[in-house]
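I have placed the structure first, in the form of structure tokens, so that the comments after it can refer back to it.
Residue numbers (our numbering): 158 to 839.
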């Protein structure tokens, strides 16, 4: 009996020590779009640091193959990739915009394997409510040891990272959506789902992901699903809708009212209120939310940001896209829950814990997608879990993770409206008059949930005018932010000059925007300001100015660095504590994809960045045409001695993971053999 106990203790010791060593090794990985389940975009590595960042050099380049046009009807070719590369145990992974997944050796840049996504679009269009268009895949996550790329055409895909073989693929996840039958203009049929949403996240072997939604004008009823990964193939165990059924639900905005908050820009500026509890909003402003959706084309947008997960509570946090049809909201009466909102959801049941709508009845595509950050802040001397969320509006929120109550809001002075010397209102960030805007809408985004007119009677932003009006700025915060966990600094990019001119038009058939959209008009020169914000107070610490281009993509941080891709072709590297420019590297084409950082198979940290891909004329930069681009690795020059440490742990401990693990296993086996032999002799 004693021998048996000893054997069991030895086995437990081996398992425990192996787990600790593996955890130490994984600190060099980048396993999610935004690094970890909390979405921080922060790596604690300090091998590449403020003292040696100027010694970064190109280590290798992997040219991304040109997309092959398969001539399938309803889908167009999109070059390159926009997924932040994952770094997992010495291999770099990325997925192209056509959903082909590549594995690259992190030390040599050589191809290990490629999984070509073979999909029958003709069959999918025949049986599924999906839209066509240009594919673009936003991300790739490591879930339960498997690679999950973005959801495309209602398809959930899981890939084995070792050999690229498909683990499973679910292709019918949006069939027979409840409350999704539409009838407008000459169209009778289901609302159609958009093509791409970020991959989901896992808790207790439940995979939480968005399948359906529509940014444009397709009417697909958005929902979040939970799948049981313990079953082969996985099966759906719950579904939570983000919009009412197509026949309407008069009390849609009232069902979860006791859990929610609205942001009101006028209330914040005039009365200092960071949020208005839903139960304080007049009932008449909430009733009949969305009207009867089946008679017009509008829907909640997709999820274009990584969810955050609290592994202790099983709560998932995410931001939703805007609703479609936003140019003309005649029929989509407000407040349009749960579009342009931050949502906390129970991963086990799918129940909504709380919600906070950043833009009630959004009329200018002001979504609150992109990454959601979960952290712990010190607010008035008290430690509490918090959500940090950036928005296309350019505002930054900190919310109580347990309740959704706002803790602070940051708005850069660069965004504040102003009136010029000639008395003309100039609106947010624009040097041009706000054409057609009344004083309450010159800021572009702010419909007030406390106003019945704003929620029910206003038809578009500058109603009743039918003239062009400016959206100013169009996308000030089109980005994933970073959170330096060591210094409690939030780093975000603020774009100016990414504006648009819009005119409301009539509602027409499915997929046709109810208005016109024009980027070709005089506007102020584009620029980007990188801001460092104190996470505990919401106050600005430092700023860095990049002239000539707006920003789209993501920023990452390390112990003392901030790494920024820009459309001018430069990778900017700042001191993360002071905002000082340390180095910039020119990489030939606009950089609109977030970089990552991780340990290669030789034990050295490298920065991985993708250039090229689909063009984005709106942000400015060098080149707007689609090019395949490449994956590049940047590392410290071998001419200098590399500081071999990470998170104050000697690198030798990490580099010897394999040896130590093997030694422990052999030692355990020998111990069992010896003890068993000894027991038999007795």
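All C-beta atoms in this analysis are idealised placements derived from N, C-alpha and C, irrespective of residue type, glycine included.
Checklist entry - Helix, strand or coil for residue 295 per DSSP? => result Assignment of residue 295 by DSSP, reduced to helix, strand and coil, places it in the coil class.
Item to check | Range of the contiguous beta strand (DSSP E) that encloses residue 657 | outcome: Note, residue 657: beta strand (DSSP E), 657 to 661.
Checklist entry - Are there 16 or more other CB atoms within 10 angstroms of the CB of residue 407, so buried, or fewer, so exposed? => result Its Cβ having fewer than 16 others within 10 Å, residue 407 is exposed.
Checklist entry - Which residues bound the beta strand (DSSP E) around residue 306? => result Here the beta strand (DSSP E) through residue 306 covers 303 to 306.
Checklist entry - Straight-line CA distance for residue 341 to residue 715? => result Cα to Cα, residue 341 sits roughly 51 Å from residue 715.
Checklist entry - Where residue 275 and residue 545 are concerned, what is the direct C-alpha to C-alpha distance, given to the nearest angstrom? => result Using only the alpha carbons, I get a separation of about 38 Å.
Item to check | 8 Å contact criterion, which residue 252 and residue 217 should meet: CB distance rounded | outcome: Contact between residue 252 and residue 217 fails: their C-beta atoms lie close to 20 Å from each other, not under 8 Å.
Item to check | Per-residue DSSP class, three states only, for residue 280 | outcome: Three-state result, residue 280: helix.
Checklist entry - Are there three or more Cβ pairs, one per stretch, closer than 8 Å when the segment 616 to 623 is compared with the segment 494 to 503? => result Cβ pair count under 8 Å is below three, so no.
Checklist entry - From residue 742 to residue 789, what distance separates their C-alpha atoms? => result Going by the C-alpha atoms only, they are around 12 Å apart.
Item to check | residue 425 - containing beta strand (DSSP E), residue span | outcome: From DSSP, residue 425 is part of no beta strand (DSSP E) but of the alpha helix (DSSP H) over 422 to 428.
Next on the checklist: Quick check: residue 381 and residue 447, are their CB atoms within less than 8 Å of each other?
Outcome noted: Not a contact, by the Cβ cut-off of 8 Å.
Item to check | Distance between residue 559 and residue 658 (C-alpha atoms, nearest Å) | outcome: Whole-angstrom Cα-Cα distance: 40 Å.
Checklist entry - Assuming residue 717 contacts residue 203 under a Cβ cut-off of 8 Å, what Cβ separation, rounded to an integer in Å, is found between them? => result For a cut-off of 8 Å, the C-beta gap from residue 717 to residue 203 is around 7 Å, short enough to register as a contact.
Checklist entry - CB-CB under 6 Å to residue 396, same chain, minus the five flanking residues each way: which ones, in chain order? => result Take residue 396, set aside five residues on each side of it, and the residues of its chain with a beta-carbon closer than 6 Å to its own are 380 and 382, in chain order.
Next on the checklist: Output needed for residue 850: all residues of its chain with C-beta closer than 8 Å, excluding positions within five of it in sequence on either side, in chain order.
Outcome noted: No statement about residue 850 is possible, as the shown extent of the chain runs from 158 to 839 and does not include it.
Item to check | Identity of the residues DSSP links to residue 259 by a beta bridge | outcome: DSSP links residue 259 through a beta bridge to 251 and 271.
Next on the checklist: Just to confirm my understanding: we take residue 207, look at its own chain, exclude 5 residues before and 5 after, and list those with CB closer than 7 Å. What are they?
Outcome noted: In chain order, 717, 718, 732 and 739 place their CB closer than 7 Å to the CB of residue 207, counting only its own chain and leaving out the 5 sequence neighbours on each side.
Item to check | Through-space distance from residue 760 to residue 769, alpha-carbon basis | outcome: Rounded to the nearest whole angstrom, the CA to CA distance from residue 769 to residue 760 is 28 Å.
Checklist entry - Can you list the beta strand (DSSP E) stretches of 3 or more residues lying completely in the segment 492 to 527, in chain order? => result Contiguous beta strand (DSSP E) elements confined to the segment 492 to 527 occur at 498 to 503 and 509 to 514, taking only those with 3 or more residues.
Item to check | Sequence ranges, beta strand (DSSP E) only - wholly within the segment 299 to 374, length at least 3 | outcome: Within the segment 299 to 374, the beta strand (DSSP E) runs of at least 3 residues that lie entirely inside it are, in chain order, 303 to 306, 313 to 316, 323 to 327, 338 to 341, 344 to 347, 358 to 360 and 363 to 369.
Checklist entry - So the alpha helix (DSSP H) residue 396 belongs to, where does it begin and stop? => result For residue 396, no alpha helix (DSSP H) run applies; the uninterrupted beta strand (DSSP E) run containing it begins and ends at 392 to 398, by DSSP.
Checklist entry - If you run the structure through DSSP and keep just helix, strand and coil, what is residue 211? => result Reduced to three states, the DSSP call for residue 211 is helix.
Checklist entry - Around the Cβ of residue 528, are there at least 16 other Cβ atoms within 10 angstroms (buried) or fewer (exposed)? => result Classification of residue 528: buried, given that the 10 Å Cβ count is 16 or more.
Item to check | Three-way DSSP call (helix, strand, coil) for residue 572 in this model | outcome: DSSP places residue 572 in helix when its eight states are reduced to three.
Checklist entry - Would the beta-carbon of residue 357 fall within 8 Å of that of residue 365? => result The answer is yes: Cβ separation under 8 Å.
Next on the checklist: Please tell me whether residue 457 and residue 400 are closer than 8 Å, where the distance is taken between their beta carbons.
Outcome noted: Annotated as proximal: residue 457 and residue 400, with beta-carbon spacing under 8 Å.
Checklist entry - residue 673 lies in the beta strand (DSSP E); which residues open and close that run? => result Where residue 673 is concerned, the enclosing beta strand (DSSP E) stretches over 672 to 675.
Checklist entry - By how many angstroms is the C-alpha of residue 661 removed from the C-alpha of residue 190? => result Using only the alpha carbons, I get a separation of about 36 Å.
Checklist entry - Which partner residues does residue 793 have in the DSSP bridge list? => result Note: residue 793 sits in a beta bridge opposite 213.
Item to check | Per-residue burial, residue 256 [other beta carbons within 10 Å of its own, 16 or more giving buried] | outcome: Per the 10 Å Cβ criterion, buried.
Checklist entry - Taking all protein chains shown into account, do 16 or more other C-beta atoms lie within 10 angstroms of the C-beta of residue 214, making it buried, or fewer, making it exposed? => result Around the beta-carbon of residue 214, fewer than 16 other beta-carbon atoms lie within 10 Å, marking it exposed.
Next on the checklist: Nearest by alpha-carbon distance to residue 477: which of 502, 469, 487 and 488 is it?
Outcome noted: Checking every option, the nearest Cα to that of residue 477 belongs to 502.
Item to check | Proximity below 8 Å, CB of residue 367 to CB of residue 353 | outcome: The answer is no: Cβ separation not under 8 Å.
Checklist entry - Can you name, in chain order, every residue of its own chain whose Cβ lies under 6 Å from the Cβ of residue 485, other than the five neighbours on each side? => result Setting aside the 5 residues that flank it on each side, residue 485 is surrounded in the same chain by 617, 661, 671 and 672, each with a C-beta closer than 6 Å to its C-beta; the list follows chain order.
Item to check | Residues near residue 488 by beta carbon distance below 6 Å, same chain, minus five either side | outcome: Once the five neighbours on either side are set aside, the close Cβ partners of residue 488 are 448 and 453.
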